[in-house]
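A short write-up of the structure that comes next.
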Amino acid sequence: MSSYLAVSPPRLRDALLACGLAVVLASCDRGGGTPEAEPPTGGALDAVDQPAASAPDTPVGPVELVDVSDATADYVVGITYPPSAARYPALAARLKAYADAARDDLMQAVQAKGEGGPPSLYDLSLSFTEVVDTPELFAVAAEGSSYTGGAHSAPLLARFVWLPKENRLLEITDLIPEGDGWRDIAGMVREQLHTSLSQRIDADKLEPGERDAMAREAGRMIDDGTGPEPENYRDFEPVVDRSGRIVAIRFVFPPYQVGPYSDGAQSVEIPAAALRPHVAQAYRDLFVP
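In this text, residue positions in the sequence shown follow my numbering: the first is 81, and each later residue adds one.
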């Protein structure tokens, strides 16, 4: 079972923040022997990447978040939004921009395929899901996939943490400034991922040679994807208690960053007690003591 193959597509990510309902548009058994394709770069999603979240967003009017269900002979698109995101127009605009960028990338691929292209049906499945809703924080998970040929779909994954009182996104470097603390955080994340990897390999009951090869290759992906650079941790979501205080931060990693596509998205929770010393003073009150 050689699932731990090295593939290195880019991360398709954040520029926004929202909630949504699940969309399921399965794209199984794509390849029929087609080599595994990396997700495309340089598309519309890259254009909306890395929003400027250190200042309040420019006020905008109401943004209508309308679920999308569109099917033709060439493609299928399904996008869902949570109604609660409309309470924050600037956030809703970012969510819509993320979804529009993903759809633009799909349509460019459809046009490039043309009439003489492969017969496979292209598709986009994207859902925004509310994960936290308190007076201090509103967090949304965006997850889905886009299939534009190759062995399987390209993953779509982003997290958006909104500060309602400041009317802006909370970026990871706002929460935890760049500095020595990131070495400690990276070490804690890496340790959890290596432990999880060992448990998965043990469960597979592999031959020693195959086990060693998988552990070595997947371990390298973990180490490469968890360096102490904040960019590696930009997809995060707060885990809150009943009072709305943060008890942990969940870092989410898309397929390929810390493991092969077959492992899917992976996440690691770091408790508030371990993070609080590294959190910017302005946001420490959001955490449990």
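All C-beta atoms in this analysis are idealised placements derived from N, C-alpha and C, irrespective of residue type, glycine included.
Sufficient close CB pairs (3 or more, under 8 Å) joining the region 303-315 to the region 331-345 | Below 8 Å, enough C-beta pairs join the region 303-315 and the region 331-345 to call them touching: three or more.
Whole alpha helix (DSSP H) runs in the region 270-339 with 4 or more residues, listed along the chain?
-> The region 270-339 contains these whole alpha helix (DSSP H) runs: 288-305.
If you run the structure through DSSP and keep just helix, strand and coil, what is residue 360?
-> Taking the first residue of the sequence shown as position 1, residue 360 is located at position 280. Three-state result, residue 360: coil.
Indicate the three-state DSSP secondary structure (helix, strand or coil) for residue 222 in the structure shown.
-> Residue 222 sits at position 142 when you count from the first residue of the sequence shown. Looking at residue 222 - three-state DSSP - the assignment turns out to be strand.
Coarse secondary structure for residue 164, derived from DSSP in three states | As a first step, residue 164 is located in the sequence shown; it is residue number 84 there, counting from the start. Residue 164: helix per DSSP, three-state reduction.
Looking only at C-alpha atoms, which of 289, 290 and 270 sits nearest to residue 309?
-> Counting from 1 along the sequence shown, the entry for residue 309 is found at position 229. Of 289, 290 and 270, the residue nearest in Cα terms is 270.
Does the distance from the C-beta atom of residue 147 to that of residue 156 stay below 9 Å?
-> Within the sequence shown, residue 147 is the residue found at index 67, counting from 1. Within the sequence shown, residue 156 is the residue found at index 76, counting from 1. No, they are not a contact pair.
For residue 223, count neighbouring C-beta atoms within 10 Å of its own C-beta (all shown protein chains included) and say buried if the count is 16 or more, exposed if not.
-> Residue numbering aside, residue 223 sits at position 143 when the sequence shown is read from its first letter. With 16 or more other Cβ atoms inside 10 Å of its own Cβ, residue 223 counts as buried.
Nonlocal neighbours in the same chain, by C-beta distance under 6 Å from residue 104, ignoring five residues either side = Taking the first residue of the sequence shown as 1, we reach residue 104 at position 24. Because the pLDDT of residue 104 is 32, which lies under 50, any placement of that residue in the model is unreliable, and the number read from its coordinates should be weighed accordingly. Nothing meets the Cβ criterion.
Per-residue DSSP class, three states only, for residue 350 = Numbered from 1 along the sequence shown, position 270 holds the residue referred to as residue 350. Assignment of residue 350 by DSSP, reduced to helix, strand and coil, places it in the strand class.
Could you tell me which of 236, 244, 172 and 265 sits nearest to residue 351, measuring between CA atoms?
-> Working through the sequence shown from its first residue, we reach residue 351 at position 271. Closest option to residue 351, judged by alpha-carbon separation, among 236, 244, 172 and 265: 265.
Residue 345 (DSSP reduced to helix, strand or coil) | The sequence position of residue 345 within the sequence shown is 265, counting from 1. Coil.
For the alpha helix (DSSP H) that residue 430 lies in, which residues bound it at each end?
-> In the structure displayed, the chain extends from 81 to 369; residue 430 sits before or after that span and is not available.
Pull up the distance between the alpha-carbon of residue 327 and that of residue 257, whole angstroms please.
-> Sequence index remark: in the sequence shown, residue 327 carries index 247 (1-based). Sequence index remark: in the sequence shown, residue 257 carries index 177 (1-based). Taking the CA atoms as reference points, residue 327 sits about 19 Å from residue 257.
For residue 284 and residue 292, the rounded distance between their alpha carbons | The residue given as residue 292 occupies position 212 in the sequence shown. The residue given as residue 284 occupies position 204 in the sequence shown. Taking the Cα positions, residue 292 is about 12 Å away from residue 284.
Less than 8 Å between the CB atoms is what I'm expecting for residue 161 and residue 145, so what's the real figure, rounded?
-> Taking the first residue of the sequence shown as position 1, residue 161 is located at position 81. Taking the first residue of the sequence shown as position 1, residue 145 is located at position 65. In this structure residue 161 touches residue 145 by the C-beta definition: roughly 4 Å separates them, less than 8 Å.
Drop a sphere of 10 angstroms on the beta-carbon of residue 120, count the other beta-carbons inside from all chains shown, and report buried for 16 or more, exposed for fewer.
-> Taking the sequence shown and counting its residues from 1, one reaches residue 120 at position 40. In this prediction, residue 120 has a pLDDT of 38, which is less than 50 and means its spatial position is unreliable; what the coordinates show is noted afterwards. Flag for residue 120 reads buried.
Top-ranked residue by Cα proximity to residue 216, from 318, 262 and 290 = Locating residue 216 in the sequence shown gives position 136, counting from the first residue. The shortest Cα separation from residue 216 among 318, 262 and 290 belongs to 318.
Use the C-beta contact count for residue 296: other C-beta atoms within 10 angstroms, 16 or more gives buried, fewer gives exposed.
-> Here residue 296 is taken as the residue at index 216 of the sequence shown, counted from 1. With fewer than 16 other Cβ atoms within 10 Å, it is exposed.
In or out: residue 300 buried (at least 16 other Cβ within 10 Å) or exposed?
-> Against the sequence shown, residue 300 aligns to sequence position 220. Note on residue 300: under 16 other CB atoms within 10 angstroms of its CB, so exposed under the neighbour-count rule.
Given that a residue counts as buried once 16 or more other Cβ atoms are within 10 Å of its Cβ, and exposed if not, what is residue 199?
-> By 1-based counting over the sequence shown, the position of residue 199 is 119. The residue is exposed, with fewer than 16 neighbouring Cβ atoms inside 10 Å.
Hey, could you find the ends of the beta strand (DSSP E) residue 384 is sitting in?
-> Past the boundaries of the shown model lies residue 384; the chain is included only from 81 to 369, so the question cannot be answered.
Whole angstroms is fine: what's the gap from residue 174's alpha carbon to residue 194's?
-> Numbered from 1 along the sequence shown, position 94 holds the residue referred to as residue 174. Numbered from 1 along the sequence shown, position 114 holds the residue referred to as residue 194. The C-alpha of residue 174 lies about 31 Å from the C-alpha of residue 194.
Would you check if the distance between the CB atom of residue 179 and the CB atom of residue 206 is smaller than 9 Å?
-> The residue labelled residue 179 in the question sits at position 99 within the sequence shown. The residue labelled residue 206 in the question sits at position 126 within the sequence shown. Contact: yes.
Of the choices 241, 359 and 345, whose alpha-carbon is the least far from that of residue 225?
-> For the purposes of this step, residue 225 is taken as the residue at position 145 of the sequence shown. Restricting attention to 241, 359 and 345, the CA atom closest to the CA of residue 225 is found in 345.
According to the neighbour-count rule (16 or more other Cβ atoms, all chains shown, within 10 Å of its Cβ), is residue 282 buried or exposed?
-> Position 202 of the sequence shown, counted from the first residue, corresponds to residue 282. Answer is exposed; the Cβ neighbour count stays below 16.
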